[in-house]
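Heads up: the sequence shown is residues 834 to 1025, going by our numbering. A virtual CB, placed ideally from N, CA and C, is assigned to each residue, including glycine. Source: prediction; values computed, not measured. Have a look at the structure below before the remarks.
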Amino acid sequence: MEPGQNGNENKPIFDHTVLYNLDFSKSTTQYNPAVSVKDPGEGLCMRPLCRGDYDKGYMSLLSQMTKVGDVSREEFEARFSAMESCPDSYYIVVIEDVMTKKVIGSGTLVIEQKFIRKCSSRGRIEDVVVHNQYRGRQLVKLLMDTLMVLSYQLGCYKVSLESEDDRLIFYSQFGLIKEEGQNYMCRRFKEM
């Protein structure tokens, strides 16, 4: 499939007004110089993931964080459609360099619908990455802060993040703590 063939390359995975109407008044994160969702830095734009981001280096960006595999445009489109068909579940936020038209940052908030806690929701922050050429500009901090505020405003009773030990101090600035008695276990079924 050629870029733009489906005519939906600018269609976001979630309504952009959700992102731009966030209330950061309860955020304790400080920025110097000041950055925000509406102004993440010169030449940068923060927005929801769009279908056309496959052609803007989104998969290449993710490969700076973990193994991605060879994902075709068709596979990307199918996964985007599957996520899109689960409203109020997938909030993938990206930062684009508008001059190069490349996605240079991303973070995901997945909302898990629960029966517990009076049919509440739980947030999970995943896949937070900034392109190595753009690090040091507070963009990871801005992505994390945005996802934390978003999870709060969407009514999550808690939000969690899986992290390597050497990053725990960084993530603690967003109110994330390692809870006593909580453990993380994993079983991998296949290696990519």
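Rounded to the nearest whole angstrom, the C-alpha separation of residue 850 and residue 880 is 10 Å. Less than 8 Å divides the Cβ of residue 884 from the Cβ of residue 913.
Boundaries around residue 851 are those of the alpha helix (DSSP H), 849–853, since no beta strand (DSSP E) includes it.
Within the DSSP bridge table, the entry for residue 930 names 877, 935 as partners. Runs of the alpha helix (DSSP H) lying entirely within the region 890–934 and spanning at least 4 residues, in chain order: 891–895, 906–917.
Under the three-state reduction of DSSP, residue 952 is assigned to helix.
Check the Cα spacing between residue 853 and each of 920, 1014, 982, 998: the tightest is with 982. Residue 1002 carries a helical assignment under DSSP once its states are collapsed to helix, strand and coil. Excluding five sequence positions before and after residue 1018, none of the CB atoms of its chain fall closer than 8 Å to its own CB. Assignment of residue 858 by DSSP, reduced to helix, strand and coil, places it in the helix class.
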